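Q: Can you read through this structure? Questions will come right after.
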Amino acid sequence: MSILFTIISETNPVKPGDAEALLKPLGLTVDPAEVQDFHTLLAAVHDCAEGYPRENVRRPSEKEQVLGQAWAHRFLIRVNPQGGPLAGKSISLKDVIAVGGVPQLLGSDIIPSWTPTTDATVVTRLLDAGADIHGTSTCENLCHSTSSYTSAQGTVENPHAPGCSAGGSTSGGAALVAAGVGIKPTYGRVPFTGFASGDGMNDHAGPLTRTTLEAAICLDVISGYDGIDDRALDGFKVGILAEGLNHSAVNPHVKDAVFAAAQKFNDLGATFEEVSLPEHLQGPAIWTIQQRIAGAQTLLGQNTGRRGLYMTGMECARLPWTDDGFQRAFPSTKNVIINGLYLMEHFPDLYGKTANIGRLLSEKSEALFEKYDILIMPTTPVVAPRHGKRELPLDSPKPSVGLTIKTAIFNVTGHPALSILVGFAPAREDGQVMLPFGMQIVGGLWQEEKILRAGHIWETHFDWKKMHYSTDRN
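Given below as C-alpha cells:
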C-alpha cells in the first residue's frame with residue numbers, strides 16, 4: 001500500500017526545478033500542469049527520507065551559554081507534530097545520549113571528538129511524541145562526579161546560588177530545567193540503547209522535569225508507563241526509612257524537613273510510620289565497588305556481557321589510552337582506573353560478590369513493598385555544596401563525598417525512585433544562602449505509577465517554595 005506524504009517542513013531544501021533537473025539527463029520532462037505537484041511530492045519525500053533533520057549543530061558561543069557552561073551543543077530538531085503528548089515541549093539531552101550527527105563530548109577533553117551516526121531509542125520516542133530538542137547538556141567528566149565543576153567544558157552553576165553545585169553527573173540538564181522533579185525508573189524500563197554506558201548492571205535513564213505530572217508524561221513516552229492517577233491517597237501506606245533518615249551524614253535541617261514533608265502524607269489520606277532495613281546501609285559500598293571495577297573495564301574497552309547496540313565509534317575515538325590522555329584525565333577518572341585495576345588484581349571475586357549481595361538487598365527491599373506503597377528518605381544528605389578544586393586527587397572529590405549515599409543503593413537494587421523538592425535549607429558554608437533540597441520517594445519494582453501519583457498529589461497540595469527551614473531549629 002502506498003502512503004502519500006504532502007506535509008513540507010519549513011527548512012526543506014528542495015527548490016523549484018529540482019524535479020525537472022533530475023529527469024533532464026534521461027531526456028524526460030515534466031508536464032507544465034504537473035510541475036507544482038511533483039515539486040511538492042519531491043519535497044515531501046525529502047522530509048520523509050531525512051526523518052528528523054538537525055539544524056545548526058554547533059558548540060554554543062559565550063552569549064548562548066547559561067548558568068556557566070550548561071550547554072554541550074546547541075541545535076534544533078523540530079517536528080511538525082499532529083498533536084502528541086510532548087507537543088510544544090522543549091527538551092535537552094544529557095551529553096551521553098546519542099544524537100545522530102551531533103558530536104559527543106562526555107564532559108571530557110581526553111577523548112577525540114566522535115559523532116554518533118544514529119539516534120538513541122529515547123531520542124526517537126521523544127521526537128515521535130512531538131517534542132522539540134534544543135541541544136545536549138553538559139555532563140560531568142565521563143560522568144564520574146556528583147558535583148558540577150569537573151566537566152572539561154566548564155563549570156555548571158546552581159540556578160539558585162551561583163558558586164554552588166548544580167549536582168551531577170547530569171549537571172547541565174538539571175540546571176537548564178532548574179529541575180523540580182527527577183525520576184529514576186525501575187531498571188530496564190527505559191531502554192539504554194544509544195547511551196554511553198558506565199556499568200550495564202547499574203545503568204538507568206529517566207527524565208528531569210519541573211513537575212511530577214511532566215515526569216509521568218515523559219516517562220510514558222520513553223518507556224510505556226500509561227498515565228497517572230490523581231485521586232487522593234486514601235489507604236496509601238507510607239514508610240519513612242530509618243536508615244535513610246537517621247544517618248550521621250544527613251544534615252539536621254534536611255532530616256527535619258524531609259520528616260515534616262513525609263508527615264504531610266497523613267493530611268492526604270495516607271498512613272505514615274517508620275520502617276527499618278539495616279541492609280540499606282550496605283548499598284553505598286556495594287555500588288562503589290561495582291562502579292570502580294565495571295567503570296575501569298568500560299574505560300579500558302573491556303565492557304562486555306550485553307546484547308544491545310554498541311557505540312563502536314566512541315570506542316574507536318577513546319581507545320587506546322595514551323599517557324598524555326591519562327595525565328589530562330580528571331582525578332576521579334584516574335581514580336576509577338587505578339582502583340578498578342587494583343580490585344581486579346587483588347580481589348578477583350569481589351564484583352561477583354557484590355552482584356550476589358546486591359540481589360539479596362533487592363529482594364529484602366522489595367519485601368518492604370508488600371506492606372508499604374512507598375518509602376521516604378532524603379534525596380541527598382545535604383543541600384548543594386560549593387564548587388571544589390579541580391587540581392588535586394584528594395581535594396577534588398571533597399564537596400561530593402557522600403552525596404549519593406541515599407540514591408546509589410537503588411541503582412544496585414533496581415527500584416524506581418522519584419525526587420521532588422520540599423523546601424529550602426541554609427547552605428553549609430553560609431547560613432544566609434538558602435538552597436532547595438529534595439525528598440526521595442521509592443517504589444516497588446515496576447511501580448512507577450505509585451511514586452508518580454504520590455509525588456504529584458503532594459506537590460499539588462503543598463508549595464515547597466514557601467517552606468524555609470532556617471538556621472534556628474527550635
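For the sequence shown, full-length UniProt numbering gives the first residue as 1, with consecutive numbering after it.
All C-beta atoms in this analysis are idealised placements derived from N, C-alpha and C, irrespective of residue type, glycine included.
As the structure is a computational prediction, the values presented were derived from the model and not from experiment.
Could you tell me which whole alpha helix (DSSP H) segments of length 4 or greater appear in the segment 296 to 380?
A: DSSP runs (the alpha helix (DSSP H)) wholly in the segment 296 to 380: 312 to 318, 323 to 328, 331 to 346, 350 to 368.
Q: For Phe-38, which beta-bridge partners are listed by DSSP?
A: As a working mapping, residue 38 is identified with position 38 in the sequence shown. Looking at the DSSP assignment, Phe-38 forms no beta bridge with any residue, so it has no partner.
Q: In whole angstroms, give me the CA-to-CA distance for Asn-474 and Leu-86.
A: Counting from one through the sequence shown, the residue named residue 474 turns up at place 474. Counting from one through the sequence shown, the residue named residue 86 turns up at place 86. Bear in mind that the predicted position of Asn-474 carries a pLDDT of just 38, short of 50, making it unreliable; the figure below should be weighed with that in mind. Asn-474 and Leu-86: Cα-Cα distance of roughly 45 Å.
Q: CB-CB under 6 Å to Glu-279, same chain, minus the five flanking residues each way: which ones, in chain order?
A: As a working note, residue 279 is residue 279 in the sequence shown. Result list for Glu-279: Leu-361, Lys-364, in chain order.
Q: Taking only three categories from DSSP, how would you classify Asp-230?
A: What you label residue 230 is simply residue 230 of the sequence shown in a count that begins at 1. Caution applies to Asp-230, whose pLDDT of 47 falls short of 50 and renders its modelled position unreliable; the value that the coordinates give is listed next. Reduced to three states, the DSSP call for Asp-230 is coil.
Q: Am I right that Gly-130 and Gly-100 are in contact with their C-beta atoms under 8 Å? What's the rounded C-beta distance?
A: As a position in the sequence shown, residue 130 is number 130, starting the count at 1. As a position in the sequence shown, residue 100 is number 100, starting the count at 1. Going by Cβ atoms, the distance from Gly-130 to Gly-100 rounds to 19 Å, so no, they are not a contact pair.
Q: Nearest to residue 478 by CA position, among Thr-379, His-387, Gly-388, Phe-437, is which residue?
A: The displayed coordinates of the chain run from 1 to 474. Any statement about residue 478 would go beyond what the structure contains.
Q: Pull up the distance between the alpha-carbon of His-73 and that of Arg-54, whole angstroms please.
A: Numbered from 1 along the sequence shown, position 73 holds the residue referred to as residue 73. Numbered from 1 along the sequence shown, position 54 holds the residue referred to as residue 54. Computed Cα separation, rounded: 12 Å.
Q: Give the C-beta separation of Leu-452 and Ala-216 to the nearest angstrom, bearing in mind that I take them to be a contact with Cβ-Cβ under 8 Å.
A: Here residue 452 corresponds to residue number 452 of the sequence shown, with the count starting at 1. Here residue 216 corresponds to residue number 216 of the sequence shown, with the count starting at 1. Confirmed, Cβ separation roughly 4 Å.
Q: Less than 8 Å between the CB atoms is what I'm expecting for Val-190 and Ser-171, so what's the real figure, rounded?
A: The residue you call residue 190 lines up with position 190 of the sequence shown. The residue you call residue 171 lines up with position 171 of the sequence shown. That belief does not hold up - the Cβ atoms of Val-190 and Ser-171 are roughly 20 Å apart, past 8 Å.
Q: Which residues share a DSSP beta bridge with Gln-440?
A: Your numbering for residue 440 matches position 440 in the sequence shown. DSSP lists Met-377, Ser-419 as partners of Gln-440.
Q: Once you ignore the five residues that flank Gly-292 on each side, which residues in its own chain have a CB closer than 7 Å to its CB?
A: Sequence index remark: in the sequence shown, residue 292 carries index 292 (1-based). One point to set straight first is that residue 292 is Arg, not Gly, in the sequence displayed. So the qualifying residues of the chain are Val-336, Asn-339, Gly-340, Leu-343.
Q: Put Pro-159 into one of helix, strand or coil per three-state DSSP.
A: Residue numbering aside, residue 159 sits at position 159 when the sequence shown is read from its first letter. Coil.
Q: Buried or exposed: His-144, going by 16 or more other Cβ atoms within 10 Å of its Cβ?
A: Counting from one through the sequence shown, the residue named residue 144 turns up at place 144. It counts as buried.
Q: Please confirm whether residue 483 and Gly-443 have their CB atoms less than 8 Å apart.
A: Examination of residue 483 is not possible in this model, given that the chain is present from 1 through 474 alone.
Q: When you compare each of Ile-97, Asn-141, Gly-358, Leu-375 to Gly-107 by their alpha carbons, which one comes out closest?
A: Counted from its first residue, the sequence shown places residue 107 at position 107. Here the closest residue by C-alpha is Asn-141.
Q: Take the Cβ of Gln-36 as the centre, count every other Cβ of all protein chains shown within 10 Å, and call the residue buried at 16 or more, exposed below.
A: Start at 1 with the first residue of the sequence shown, and residue 36 comes out as number 36. It is exposed - the Cβ of Gln-36 has fewer than 16 other Cβ atoms within 10 Å.
Q: Is the beta carbon of Gly-239 less than 8 Å from the beta carbon of Leu-368?
A: Counting from 1 along the sequence shown, the entry for residue 239 is found at position 239. Counting from 1 along the sequence shown, the entry for residue 368 is found at position 368. Taking 8 Å as the Cβ cut-off, Gly-239 and Leu-368 qualify as a contacting pair.
Q: Tell me whether the beta-carbon of Leu-233 lies closer than 8 Å to the beta-carbon of Ile-420.
A: Within the sequence shown, numbered from 1, the residue matching residue 233 stands at position 233. Within the sequence shown, numbered from 1, the residue matching residue 420 stands at position 420. In this structure, Ile-420 does not lie closer than 8 Å to Leu-233 by Cβ.
Q: Pick helix, strand or coil for Val-181, following the three-state DSSP scheme.
A: Mapped onto the sequence shown, residue 181 falls at position 181. Three-state result, Val-181: strand.
Q: Using the beta-carbon count (16 or more within 10 Å), is Asp-220 buried or exposed?
A: Working through the sequence shown from its first residue, we reach residue 220 at position 220. Under this definition Asp-220 is a buried residue.
Q: Is Phe-265 close to the ligand ADP? I mean its beta-carbon at under 7 Å from any heavy atom of the ligand.
A: With respect to the ligand ADP, the structure offers nothing, as it holds no ligand at all.
Q: Tell me the residue span of the beta strand (DSSP E) that contains Val-123.
A: Within the sequence shown, residue 123 is the residue found at index 123, counting from 1. Counting along the chain, Val-123 falls outside any beta strand (DSSP E), though it belongs to the alpha helix (DSSP H) covering 121 to 128.
Q: Nearest to Glu-273 by alpha carbon, out of Lys-371, Leu-28, Gly-438?
A: Locating residue 273 in the sequence shown gives position 273, counting from the first residue. Closest by alpha carbon: Lys-371.
Q: Are the Cβ atoms of Gly-167 and Ala-174 separated by less than 8 Å?
A: By 1-based counting over the sequence shown, the position of residue 167 is 167. By 1-based counting over the sequence shown, the position of residue 174 is 174. Against a cut-off of 8 Å, the Cβ pair of Ala-174 and Gly-167 comes out as a contact.
Q: Could you tell me which of Tyr-310, Thr-460, Pro-436 sits nearest to His-468, measuring between CA atoms?
A: Position 468 of the sequence shown, counted from the first residue, corresponds to residue 468. Measuring from the Cα of His-468, the nearest candidate turns out to be Pro-436.
Q: Tell me whether Phe-265 is buried or exposed, calling it buried when 16 or more other Cβ atoms sit within 10 Å of its Cβ.
A: Looking up residue 265 in the sequence shown gives position 265. The residue is buried, with at least 16 neighbouring Cβ atoms inside 10 Å.
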